[in-house]
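So the structure is just underneath, and the comments pick up after that.
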Amino acid sequence: MESKTHGGSNWLGYLSHQLREQEHAGPVFTAVVVVLTYVLYTIMYATDIPHIKGMPEIPGAVPVFGHLLKLGEDHASVCEKWWRQYNHSVFQIKLGNTRAVVVNSFDDCKKMLLGNQNAVINCPKLYTFHGVISSTQAFTIGSLPWDESCKKKLKAAGTALGRPAPRDYYAMFDQESYCILRDMKKDSRDGQIEIDIRPYI
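What follows is the structure, given as C-alpha coordinates:
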(Lines of atoms letter the chains of each structure in order from A and count residues from 1; the text may use other names and numbers.)
(Lines give C-alpha, C1' and ligand atoms only; values in the text may rest on other atoms or scores of the structure.)
Protein backbone atom coordinates (compact mmCIF):
# COMPACT_ATOMS: atom_id res chain seq x y z
CA MET A 1 0.00 0.00 0.00
CA GLU A 2 1.11 3.51 -0.81
CA SER A 3 0.19 4.75 2.67
CA LYS A 4 2.85 2.51 4.24
CA THR A 5 5.61 3.81 1.98
CA HIS A 6 4.87 7.41 2.88
CA GLY A 7 4.87 6.78 6.65
CA GLY A 8 3.43 9.00 9.40
CA SER A 9 5.77 11.96 8.74
CA ASN A 10 4.63 12.41 5.13
CA TRP A 11 0.86 12.09 5.55
CA LEU A 12 0.23 15.40 3.76
CA GLY A 13 1.94 14.11 0.63
CA TYR A 14 -0.14 10.96 0.75
CA LEU A 15 -3.32 12.99 1.26
CA SER A 16 -2.55 15.25 -1.71
CA HIS A 17 -1.82 12.16 -3.86
CA GLN A 18 -5.19 10.66 -2.89
CA LEU A 19 -6.94 13.96 -3.64
CA ARG A 20 -5.37 14.10 -7.11
CA GLU A 21 -6.71 10.62 -7.83
CA GLN A 22 -10.28 11.57 -6.89
CA GLU A 23 -12.13 13.51 -9.57
CA HIS A 24 -14.13 15.91 -7.34
CA ALA A 25 -11.89 15.85 -4.29
CA GLY A 26 -10.22 19.22 -5.01
CA PRO A 27 -13.37 21.40 -4.86
CA VAL A 28 -14.76 19.40 -1.91
CA PHE A 29 -11.48 19.73 -0.02
CA THR A 30 -11.39 23.49 -0.74
CA ALA A 31 -14.98 23.90 0.48
CA VAL A 32 -14.20 21.98 3.69
CA VAL A 33 -11.10 24.12 4.33
CA VAL A 34 -13.09 27.35 3.75
CA VAL A 35 -15.89 26.25 6.11
CA LEU A 36 -13.44 25.12 8.81
CA THR A 37 -11.50 28.39 8.49
CA TYR A 38 -14.71 30.40 8.86
CA VAL A 39 -15.85 28.38 11.89
CA LEU A 40 -12.42 28.67 13.53
CA TYR A 41 -12.30 32.43 12.88
CA THR A 42 -15.80 32.84 14.32
CA ILE A 43 -14.90 30.91 17.47
CA MET A 44 -11.67 32.86 17.97
CA TYR A 45 -12.61 36.43 17.02
CA ALA A 46 -16.36 36.99 16.65
CA THR A 47 -18.42 38.80 19.29
CA ASP A 48 -22.13 38.87 20.03
CA ILE A 49 -22.27 42.53 18.92
CA PRO A 50 -20.15 43.60 15.93
CA HIS A 51 -17.47 46.29 16.26
CA ILE A 52 -19.15 49.63 17.08
CA LYS A 53 -18.13 52.12 14.41
CA GLY A 54 -16.76 55.44 15.61
CA MET A 55 -15.85 54.12 19.07
CA PRO A 56 -12.19 53.27 19.78
CA GLU A 57 -11.28 49.73 20.78
CA ILE A 58 -8.38 49.01 23.11
CA PRO A 59 -5.66 47.17 21.15
CA GLY A 60 -4.22 43.84 22.20
CA ALA A 61 -7.29 41.58 22.28
CA VAL A 62 -6.24 37.95 21.99
CA PRO A 63 -8.25 35.23 20.24
CA VAL A 64 -10.96 33.54 22.33
CA PHE A 65 -10.26 35.62 25.50
CA GLY A 66 -10.30 39.15 24.08
CA HIS A 67 -9.15 41.59 26.79
CA LEU A 68 -10.06 39.36 29.76
CA LEU A 69 -6.47 38.29 30.44
CA LYS A 70 -5.25 41.92 30.41
CA LEU A 71 -7.90 43.07 32.88
CA GLY A 72 -6.23 41.21 35.75
CA GLU A 73 -7.91 41.18 39.16
CA ASP A 74 -8.76 44.87 39.52
CA HIS A 75 -10.79 45.63 36.39
CA ALA A 76 -11.67 49.18 37.39
CA SER A 77 -8.03 50.23 37.80
CA VAL A 78 -7.01 48.67 34.48
CA CYS A 79 -9.84 50.43 32.63
CA GLU A 80 -8.86 53.73 34.25
CA LYS A 81 -5.23 53.15 33.18
CA TRP A 82 -6.37 52.50 29.59
CA TRP A 83 -8.36 55.75 29.68
CA ARG A 84 -5.21 57.70 30.61
CA GLN A 85 -2.95 55.74 28.25
CA TYR A 86 -5.11 55.94 25.09
CA ASN A 87 -6.82 59.27 25.92
CA HIS A 88 -10.35 57.91 25.38
CA SER A 89 -12.78 57.94 28.29
CA VAL A 90 -15.28 55.84 26.32
CA PHE A 91 -14.00 52.74 24.54
CA GLN A 92 -14.98 49.19 23.66
CA ILE A 93 -13.34 45.96 24.77
CA LYS A 94 -13.89 42.27 24.11
CA LEU A 95 -14.67 39.97 27.04
CA GLY A 96 -14.42 36.58 25.40
CA ASN A 97 -17.11 36.63 22.73
CA THR A 98 -18.95 39.56 24.35
CA ARG A 99 -18.36 43.19 23.39
CA ALA A 100 -18.51 45.71 26.23
CA VAL A 101 -18.48 49.51 26.33
CA VAL A 102 -16.48 51.10 29.14
CA VAL A 103 -17.33 54.66 30.23
CA ASN A 104 -14.78 56.24 32.59
CA SER A 105 -15.69 59.93 32.60
CA PHE A 106 -18.58 61.22 34.69
CA ASP A 107 -19.48 63.76 31.99
CA ASP A 108 -19.62 61.09 29.26
CA CYS A 109 -21.64 58.80 31.52
CA LYS A 110 -24.07 61.62 32.29
CA LYS A 111 -24.51 62.41 28.58
CA MET A 112 -25.00 58.76 27.71
CA LEU A 113 -27.45 57.94 30.50
CA LEU A 114 -29.48 61.15 30.58
CA GLY A 115 -29.59 61.43 26.79
CA ASN A 116 -30.87 57.87 26.43
CA GLN A 117 -32.62 57.29 29.75
CA ASN A 118 -35.62 55.45 28.29
CA ALA A 119 -33.36 53.03 26.44
CA VAL A 120 -31.10 52.29 29.40
CA ILE A 121 -33.59 51.96 32.29
CA ASN A 122 -33.26 48.20 32.16
CA CYS A 123 -30.25 45.97 31.66
CA PRO A 124 -30.20 42.20 31.25
CA LYS A 125 -28.41 40.03 33.78
CA LEU A 126 -25.19 39.02 32.04
CA TYR A 127 -22.93 36.20 33.16
CA THR A 128 -19.69 38.01 32.31
CA PHE A 129 -20.56 41.32 34.00
CA HIS A 130 -22.79 40.23 36.88
CA GLY A 131 -20.98 36.93 37.47
CA VAL A 132 -17.28 37.27 36.59
CA ILE A 133 -16.33 40.95 36.66
CA SER A 134 -18.53 41.90 39.58
CA SER A 135 -17.07 39.11 41.69
CA THR A 136 -14.17 41.50 42.37
CA GLN A 137 -16.17 44.74 42.35
CA ALA A 138 -19.49 45.35 44.08
CA PHE A 139 -22.64 46.07 42.05
CA THR A 140 -23.95 49.58 41.79
CA ILE A 141 -27.73 49.90 41.84
CA GLY A 142 -27.59 51.31 38.31
CA SER A 143 -25.98 48.15 36.96
CA LEU A 144 -28.70 45.81 38.27
CA PRO A 145 -31.54 44.56 36.07
CA TRP A 146 -34.76 46.52 36.67
CA ASP A 147 -36.95 44.17 38.71
CA GLU A 148 -38.69 44.06 42.09
CA SER A 149 -35.41 43.40 43.90
CA CYS A 150 -33.82 46.46 42.29
CA LYS A 151 -36.84 48.62 43.21
CA LYS A 152 -36.55 47.53 46.86
CA LYS A 153 -32.82 48.26 46.90
CA LEU A 154 -33.41 51.69 45.36
CA LYS A 155 -36.05 52.46 47.98
CA ALA A 156 -33.77 51.27 50.81
CA ALA A 157 -30.89 53.38 49.47
CA GLY A 158 -33.17 56.41 49.26
CA THR A 159 -34.27 55.91 52.86
CA ALA A 160 -30.72 55.34 54.10
CA LEU A 161 -29.35 58.39 52.30
CA GLY A 162 -32.28 60.75 52.86
CA ARG A 163 -31.62 64.14 54.47
CA PRO A 164 -32.03 63.20 58.17
CA ALA A 165 -30.37 59.76 57.93
CA PRO A 166 -26.66 60.70 57.60
CA ARG A 167 -26.63 62.18 61.12
CA ASP A 168 -27.13 58.66 62.46
CA TYR A 169 -23.96 57.55 60.64
CA TYR A 170 -21.56 60.20 61.99
CA ALA A 171 -20.12 57.92 64.68
CA MET A 172 -19.56 55.13 62.14
CA PHE A 173 -17.97 57.54 59.61
CA ASP A 174 -15.70 58.87 62.34
CA GLN A 175 -14.59 55.37 63.37
CA GLU A 176 -14.06 54.19 59.77
CA SER A 177 -12.11 57.33 58.82
CA TYR A 178 -9.90 56.95 61.86
CA CYS A 179 -9.18 53.26 61.04
CA ILE A 180 -8.35 54.05 57.41
CA LEU A 181 -5.92 56.83 58.35
CA ARG A 182 -4.37 54.73 61.14
CA ASP A 183 -3.76 51.77 58.80
CA MET A 184 -2.36 54.00 56.05
CA LYS A 185 0.01 55.66 58.51
CA LYS A 186 1.18 52.29 59.84
CA ASP A 187 1.61 50.63 56.42
CA SER A 188 3.45 53.63 54.95
CA ARG A 189 5.75 53.76 58.02
CA ASP A 190 4.73 57.33 58.84
CA GLY A 191 4.85 58.42 55.18
CA GLN A 192 8.27 56.94 54.39
CA ILE A 193 6.90 54.37 51.90
CA GLU A 194 4.60 55.13 48.98
CA ILE A 195 1.41 53.05 49.12
CA ASP A 196 -1.66 52.54 46.94
CA ILE A 197 -4.64 54.00 48.81
CA ARG A 198 -7.32 52.16 46.80
CA PRO A 199 -7.40 49.02 49.03
CA TYR A 200 -7.98 51.19 52.11
CA ILE A 201 -11.07 52.91 50.75
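Numbering of the sequence shown is given in this note's numbering, commencing with residue 1003 and proceeding in unit increments. No residue lacks a Cβ here, since even glycine has one placed at the ideal position from N, Cα and C. Since the structure is predicted, the reported quantities are computational estimates derived from the model, not experimental observations.
Asked, Found
"Distance, A1102 Cα to Y1040 Cα", "23 angstroms"
"Cross-strand partners of I1095 (DSSP beta bridge)", "A1102"
"Integer-rounded CB distance, given that V1092 should sit under 8 angstroms from M1046", "In fact, because the Cβ distance is near 26 angstroms, the residues do not count as touching under 8 angstroms."
"Beta carbon of N1118 nearer than 9 angstroms to that of D1050", "no"
"C-alpha gap between K1153 and T1161, whole angstroms", "12 angstroms"
"Closest Cα partner of V1104 within the set V1080, R1191 and P1052", "V1080"
"Cβ-based burial, H1069 [other Cβ within 10 Å; buried from 16]", "buried"
"Interface flag, Y1171 vs chain C, CB-CB below 9 angstroms", "The displayed structure is made up of one protein chain only, and chain C is not part of it."
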